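In this note's numbering, the protein residues as written are 87 to 402.
Next comes the structure, spelled out in structure tokens:
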């Protein structure tokens with residue numbers, strides 16, 4: 087299946103400003119990349135003349151096509167090459183039957199994709215991540231160490247109890263559900279699935295109720311069900327390099343000002359521990375967790391474009 091044949095993303099993008107809606111003829115080129123036993127879907131705006139590439143990571147309530155609409159296509163129009171990936175379990179990637187998927191796999195896939203792209207050519211690569219994808223950019227950069235910048239909508243260290251308390255659906259899920267999931271992941275119940283809306287504040291994904299309804303109806307993004315194995319690995323993942331020792335590349339936080347799921351102070355718990363690289367911060371006016379508001383989207387694209395321009399200048 088391709089996104090050409092899927093109606094869900096078109097329904098979701100109808101809530102975006104007109105300038106951010108993909109029109110026929112301007113949609114990404116869909117590619118498939120084999121990773122171990124899985125078939126990974128990529129949304130690509132290839133441009134051999136672009137000075138760098140941006141790889142876009144979704145979170146646990148979105149998918150690669152939703153990254154293409156809000157950022158992949160806009161950056162492509164500004165002359166950058168972009169690749170939005172569907173991690174196994176989300177979007178249109180094909181997961182091999184009977185093969186367990188852990189968050190650790192997402193991190194390894196991100197690192198291996200960087201290596202695959204650098205094998206094609208030596209242009210610098212920058213990572214962008216929305217929601218859980220923000221911290222994923224850090225985890226991937228720590229493992230791979232070959233990227234030139236990371237940008238996150240949030241940077242959530244789920245090992246911290248405060249982060250779990252404020253991002254889980256409720257205190258019961260953070261204090262009781264979390265430890266239970268960790269235990270279940272070590273038993274035959276590891277493959278048991280539950281909706282992400284039960285584990286997290288998916289109701290705060292977007293601030294428009296009609297848009298939220300469209301997102302929740304999409305089983306390839308916000309309406310997805312994941313295994314206890316995946317959730318436990320996500321909550322307990324430890325980076326290859328702790329923030330105090332991170333020296334790979336500069337970081338940019340693009341924080342929605344009206345994010346009712348992951349407010350800025352949760353990212354600061356992690357970012358304030360970064361000592362050896364620059365950390366920039368930009369607030370997106372009136373924007374929700376998955377931003378669909380024009381002012382916030384325009385600010386995000388402008389800030390990221392400036393960040394990418396700086397990376398290009400350093401490379402030169």
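Every residue gets a Cβ at the ideal spot worked out from N, C-alpha and C, and that includes glycine. None of these values were measured; they are calculated from a predicted model.
Taking a 10 Å sphere around the C-beta of residue 362, we find fewer than 16 other C-beta atoms and assign the residue as exposed. Boundaries of the beta strand (DSSP E) harbouring residue 139: 139-143, taken from the DSSP string. Looking at the DSSP output, residue 180 shares a beta bridge with 125. Of the residues assessed, residue 206 falls on the exposed side of the cut-off, its CB having fewer than 16 other CB atoms within 10 angstroms.
For the pair residue 249 and residue 93, the Cα-to-Cα distance works out to about 34 Å. Take residue 307, set aside five residues on each side of it, and the residues of its chain with a beta-carbon closer than 7 Å to its own are 147, 148, 149, 152, 176, 301, in chain order. Inter-residue distance for residue 262 and residue 246 is about 15 Å (C-alpha atoms, whole angstroms). Here the segment 363-378 makes contact with the segment 285-294; the two share three or more CB pairs at distances below 8 Å.
Residue 208 carries a coil assignment under DSSP once its states are collapsed to helix, strand and coil. Residue environment analysis places residue 167 among the buried positions, since at least 16 neighbouring C-beta atoms fall within 10 angstroms of its C-beta. Ranked by how close their Cα comes to the Cα of residue 330, the residues 215, 348, 355, 310 have 355 in first place. Per DSSP, residue 285 lies in no beta strand (DSSP E); the unbroken alpha helix (DSSP H) holding it starts and ends at 282-285. Relative to the Cα of residue 102, the nearest Cα in the group 294, 360, 315 belongs to 294. When rounded, the separation of the alpha-carbon atoms in residue 209 and residue 139 is 7 Å. Put simply, of 174, 310, 270 the residue whose alpha carbon is nearest the alpha carbon of residue 193 is 174. When rounded, the separation of the alpha-carbon atoms in residue 254 and residue 317 is 12 Å. Below 8 Å, enough C-beta pairs join the segment 227-245 and the segment 330-339 to call them touching: three or more.
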